[in-house]
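Q: Once you've had a glance at the structure underneath, I'll fire off some questions.
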Amino acid sequence: MNFLELAWNILPKLLEGTLVTIELTIIAITMGVLLGIPVALGRVYGNKPVYIICTFFVEIIRGTPLLTQLFILYFGLPSVGIMLSPFVAAMLGMGINSAAYQAEYFRGAIQSVKKEQLIAAYSLGMKQVQTIRHIVLPQMFRIVIPSWSNELIYLLKYSSMAYMIQAPEIMSQGRLIASRNFRTFEVFIVVALIYLILVLVISKMLDLMEKKVHIPGL
Amino acid sequence: MAKDKHGLNEKVILKVENLYKSYGSLSVIKGISFQVYQGETTVIIGSSGTGKSTLLTCINQITPPDKGRVWLEDIEITDPHIDINMIRSSIGMVFQHFNLFTHLSVLDNVRLGLTVVKKVAKEEATLIAKEKLNLVGLADKLNAYPAELSGGQQQRVSIARALAMNPKLILFDEPTSALDPELIGEVLNVMIKLAESGMTMVVVSHEMGFARAVANDIIFMENGVIVEEGEPDMMFNFPQNPRTQEFLHKITELYGGKEE
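Quick note, the sequences are listed as chains C and Z, same order. For the record, in the first sequence the residue sitting at position 51 is 208 according to the numbering used here, with numbers rising by one throughout. For the record, in the second sequence the residue sitting at position 74 is 79 according to the numbering used here, with numbers rising by one throughout.
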């Protein structure tokens, strides 16, 4: 069986895994945005307790490996009576992990909004929430795109860690296939190609998005 | 006309009383008092670092003063119980570096305060914004972004942004200092037009020509205090304080503005 035939035969199974990988990545990146923005705002605008909580969250999550976090969620939590499916554990772990990184990207973007513009907003009589909503956030979303794009690509690739807790993503499927046909080399070449295609597609999409929302001078 | 002694109107729009501000051990403003009558223009001059800009931001409480009081008409705005956002919406501010919102078009820059702060409906806000942009000569730039405009155009947008709020008073913080010389005129012309239309203005500026043309009152500040204050004729021709004389001499050499 030559490489192309083999690839063709294992593709359906691998695509099942790819679907899980994509699901995991989309859910995790979304969780990361929804949790990361409040954490970033908390670190920039929060009072002392809020700042401390948000900073603790970021430092603890960034300071420990994703794999360790996944093991705690999947193998650790059952000992306190919380059983998570591999998919849910992977989703939570990746989402929380990404939130910590994204919080830092968002924080950087928030802080690079020019202070003069905030003073102009306050001078118009805008409250802090209004200023954040109308001045800071719209600029933050544009400024953050390049670093956020990296996060999305990392996240897609780091979802392979979910293999270690038996989430049925593309690496698990690959391992399963290889353990049956012993064509490890070819199988993982196909897996690598699938990752590569996904990353290229995402890069292109983000590129288009960046151009679409581009504003001169921002 | 603008130079008549308080015109028919003796109404005080802005009153600043014994204002103090320091940053740590550095005193920036040390007991400043003055008032501005309705429809009049006060020009504040003085070397850099003498607290002129701080004085302006102390007026709209962007920099809360340590001591002293400020009134807008008969409302004491240094009163801690006051709704400062409401007060700020009726005090326009024009900055040295324009401070336009980079992500918004010219039209949206001018409209934002109306829709967000004054809760004006979008259609009405658009009409007001277009009217003000027309007034500053930028009716053809509605959809441009700030980065696509020259400094002079940006500053005129920021004047339109202030005007849209229908302010009782506009504070100008060195509005032409960041502009290329050939762009200063277009901004000054708008400001002269405003002064002549009866807008009450406090202007920190070194444009002596402008001061001569429209100021009702000139304040010379140094080291956080008012050294001398008076009508332009008096200040330019017969300054009493030797520091004022020296400063005006230097500044007139630099910026021109000798009477034709």
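Cβ atoms here follow ideal geometry from the backbone N, Cα and C, with glycine treated the same way. Given the structure is predicted, the values throughout are model-derived calculations rather than measurements.
1) Compare the C-beta of residue 360/C against all C-beta atoms of chain Z and say whether one is closer than 7 angstroms.
2) Span of the alpha helix (DSSP H) holding residue 343/C?
3) Against residue 296/C, what residues of chain Z qualify as contacts under a CB-to-CB distance less than 9 angstroms, listed in chain order?
4) Check whether the Cβ of residue 182/C lies closer than 7 angstroms to any Cβ atom in chain Z.
5) Quick check: the Cα distance between residue 55/Z and residue 114/Z, rounded to an integer number of angstroms?
6) Okay, do the segment 49-63 of chain Z and the segment 202-211 of chain Z touch, 3+ Cβ pairs below 8 angstroms being the bar?
7) Going along the segment 113-134 of chain Z in order, which residues come within less than 7 angstroms of chain C, judged by CB to CB distance?
8) Which stretch, first to last residue, makes up the alpha helix (DSSP H) that contains residue 132/Z?
9) So the candidates are 108/Z, 118/Z, 214/Z, 27/Z; which of them puts its Cα closest to the Cα of residue 194/Z?
10) Which value, in whole angstroms, describes the spacing of the CA atoms of residue 249/Z and residue 173/Z?
11) Check the Cβ of residue 273/C against every Cβ in chain Z and list those closer than 7 angstroms, keeping chain order.
12) How long is the line joining the alpha carbons of residue 160/C and residue 343/C, rounded to whole angstroms?
13) Residues of chain C with a CB under 9 angstroms from the CB of residue 150/Z: which are they?
14) If I'm right that residue 50/Z touches residue 211/Z with Cβ under 8 angstroms, what's the distance once you round it to whole angstroms?
15) With 16 other CB atoms within 10 Å as the buried threshold, where does residue 221/C fall?
16) Which residue wins for smallest C-alpha separation from residue 171/C, given the options 363/C, 359/C, 357/C, 348/C?
17) Which word fits residue 285/C, buried or exposed, when buried means at least 16 other C-beta atoms lie within 10 angstroms of its C-beta?
18) Residue 312/C touches chain Z at which residues, Cβ-Cβ below 8 angstroms?
19) Is the segment 66-78 of chain Z touching the segment 228-243 of chain Z in the sense that three or more CB pairs, one from each, lie closer than 8 angstroms?
20) Opposite residue 329/C in the DSSP bridges: which residues?
21) If you follow the alpha helix (DSSP H) that residue 19/Z is in, where does it begin and where does it stop?
22) Going along chain C in order, which residues have a C-beta closer than 9 angstroms to the C-beta of residue 93/Z?
23) Just reading off the alpha helix (DSSP H) that residue 180/C is part of, what are its end residues?
24) Roughly how many angstroms lie between the CA atoms of residue 145/Z and residue 204/C, to the nearest whole one?
25) Would you tell me roughly how many angstroms separate the C-alpha atoms of residue 361/C and residue 310/C, rounded to the nearest one?
26) So with CB distances below 7 angstroms, who are the chain C contacts of residue 175/Z?
27) Given residue 111/Z, which residues of its chain have a CB within under 6 angstroms of its CB, disregarding the five upstream and five downstream residues?
28) With a threshold of 8 angstroms on Cβ separation, who are the neighbours of residue 246/Z within its own chain once the five nearest residues in sequence on each side are excluded?
29) If the cut-off is 7 angstroms on Cβ atoms, which residues from the segment 56-84 of chain Z count as contacting chain C, listed in chain order?
30) What whole-angstrom Cβ distance do residue 78/Z and residue 18/Z have, given they're in contact under 8 angstroms?
31) I'd like the ranges of any beta strand (DSSP E) spanning at least 3 consecutive residues and lying wholly in the segment 147-212 of chain Z.
32) Would a C-beta distance cut-off of 7 angstroms place residue 306/C and residue 363/C closer than the cut-off?
33) Going by C-alpha distance, which of 187/Z, 90/Z, 217/Z, 189/Z is nearest residue 313/Z?
34) Report yes or no: do the segment 327-343 of chain C and the segment 289-305 of chain C share at least 3 C-beta pairs separated by less than 8 angstroms?
35) Could you name the residues that DSSP lists as bridge partners for residue 32/Z?
36) Report back the beta-carbon spacing between residue 208/C and residue 200/C to the nearest angstrom; my notes put them in contact at under 8 angstroms.
A: Taking the structure as given:
1) Looking up residue 360/C in the first sequence gives position 203. It does not: the Cβ of residue 360/C has no partner Cβ on chain Z nearer than 7 angstroms.
2) For the purposes of this step, residue 343/C is taken as the residue at position 186 of the first sequence. 341-369 is the span of the alpha helix (DSSP H), which, as asked, contains residue 343/C.
3) Locating residue 296/C in the first sequence gives position 139, counting from the first residue. Around residue 296/C, the beta-carbon contacts reaching into chain Z at under 9 angstroms are 106, 107, 108.
4) For the purposes of this step, residue 182/C is taken as residue 25 along the first sequence, with counting starting at 1. It does not; no Cβ of chain Z falls within 7 angstroms.
5) Counting from 1 along the second sequence, the entry for residue 55/Z is found at position 50. Counting from 1 along the second sequence, the entry for residue 114/Z is found at position 109. A straight-line Cα-Cα distance of about 31 angstroms links residue 55/Z and residue 114/Z.
6) Contact between the segment 49-63 of chain Z and the segment 202-211 of chain Z is present, because at least three Cβ pairs lie under 8 angstroms.
7) Using a CB distance below 7 angstroms, the part of the segment 113-134 of chain Z facing chain C consists of 117, 118, 121, 122, ordered along the chain.
8) The count along the second sequence starts at 1 and reaches residue 132/Z at position 127. That run of the alpha helix (DSSP H) goes 127-140.
9) Stepping through the second sequence from its first residue, residue 194/Z is reached at position 189. Between residue 194/Z and the set 108/Z, 118/Z, 214/Z, 27/Z, the nearest pair of CA atoms involves 214/Z.
10) If you number the second sequence from 1, residue 249/Z lands on position 244. If you number the second sequence from 1, residue 173/Z lands on position 168. Taking the straight line from one Cα to the other gives about 30 angstroms.
11) One-based indexing of the first sequence puts residue 273/C at position 116. Contact note: residue 273/C reaches chain Z through 100, 102, 104, using a C-beta cutoff of 7 angstroms and chain order.
12) On the first sequence, position 3 is the one that residue 160/C refers to. On the first sequence, position 186 is the one that residue 343/C refers to. Their backbone Cα atoms lie some 7 angstroms apart in a straight line.
13) Stepping through the second sequence from its first residue, residue 150/Z is reached at position 145. Here the neighbours are 372, 373, 374, 375.
14) As a first step, residue 50/Z is located in the second sequence; it is residue number 45 there, counting from the start. As a first step, residue 211/Z is located in the second sequence; it is residue number 206 there, counting from the start. Yes, residue 50/Z and residue 211/Z are in contact; Cβ-Cβ is about 6 angstroms, under 8 angstroms.
15) Locating residue 221/C in the first sequence gives position 64, counting from the first residue. Classification for residue 221/C: exposed.
16) Here residue 171/C refers to the residue found at position 14 of the first sequence. Taking only the C-alpha atoms, the option nearest residue 171/C is 348/C.
17) Along the first sequence, one-based indexing puts residue 285/C at 128. Residue burial is scored here from C-beta neighbours: residue 285/C has fewer than 16 other C-beta atoms within 10 angstroms and is therefore classed as exposed.
18) Indexing the first sequence from 1 puts residue 312/C at position 155. Here the premise fails: no neighbours, minimum Cβ distance about 27 angstroms.
19) The segment 228-243 of chain Z vs the segment 66-78 of chain Z: no contact.
20) Here residue 329/C is taken as the residue at index 172 of the first sequence, counted from 1. Answer is none; residue 329/C lacks a bridge partner.
21) Position 14 of the second sequence, counted from the first residue, corresponds to residue 19/Z. DSSP places residue 19/Z in no alpha helix (DSSP H) but in the uninterrupted beta strand (DSSP E) bounded by 17-28.
22) Numbered from its first residue, the second sequence carries residue 93/Z at position 88. Chain C residues near residue 93/Z: 279, 280, 281, 282, 283.
23) Here residue 180/C is taken as the residue at index 23 of the first sequence, counted from 1. Going by DSSP, residue 180/C is part of the alpha helix (DSSP H) stretching over 160-202.
24) The sequence position of residue 145/Z within the second sequence is 140, counting from 1. The sequence position of residue 204/C within the first sequence is 47, counting from 1. Taking the Cα positions, residue 145/Z is about 44 angstroms away from residue 204/C.
25) Position 204 of the first sequence, counted from the first residue, corresponds to residue 361/C. Position 153 of the first sequence, counted from the first residue, corresponds to residue 310/C. Rounded to whole angstroms, residue 361/C and residue 310/C show a C-alpha spacing of 12 angstroms.
26) Along the second sequence, read from residue 1 onward, the residue named residue 175/Z stands at position 170. In chain order: nothing, as chain C lies at least about 11 angstroms away.
27) The residue labelled residue 111/Z in the question sits at position 106 within the second sequence. Only 146, 147, 149, 162 meet the Cβ criterion.
28) As a position in the second sequence, residue 246/Z is number 241, starting the count at 1. The answer, listed in chain order, is 225, 232, 233.
29) So the list reads 65, 67, given in the order they occur along the chain.
30) Taking the first residue of the second sequence as position 1, residue 78/Z is located at position 73. Taking the first residue of the second sequence as position 1, residue 18/Z is located at position 13. Their Cβ separation, rounded to whole angstroms, is 6 angstroms, which keeps residue 78/Z and residue 18/Z in contact under 8 angstroms.
31) Those beta strand (DSSP E) runs which fall completely within the segment 147-212 of chain Z and span 3+ residues are 174-178, 206-209.
32) What you label residue 306/C is simply residue 149 of the first sequence in a count that begins at 1. What you label residue 363/C is simply residue 206 of the first sequence in a count that begins at 1. Yes, Cβ-Cβ distance for residue 306/C and residue 363/C is below 7 angstroms.
33) With chain Z covering 6 to 265 only, the question about residue 313/Z has no answer from this structure.
34) Touching, no, given that fewer than three Cβ pairs across the two stretches are closer than 8 angstroms.
35) The residue labelled residue 32/Z in the question sits at position 27 within the second sequence. DSSP, once it has assigned bridges, lists 27/Z as partnering residue 32/Z.
36) Taking the first residue of the first sequence as position 1, residue 208/C is located at position 51. Taking the first residue of the first sequence as position 1, residue 200/C is located at position 43. Rounded, the Cβ-Cβ distance is 6 angstroms, consistent with contact.
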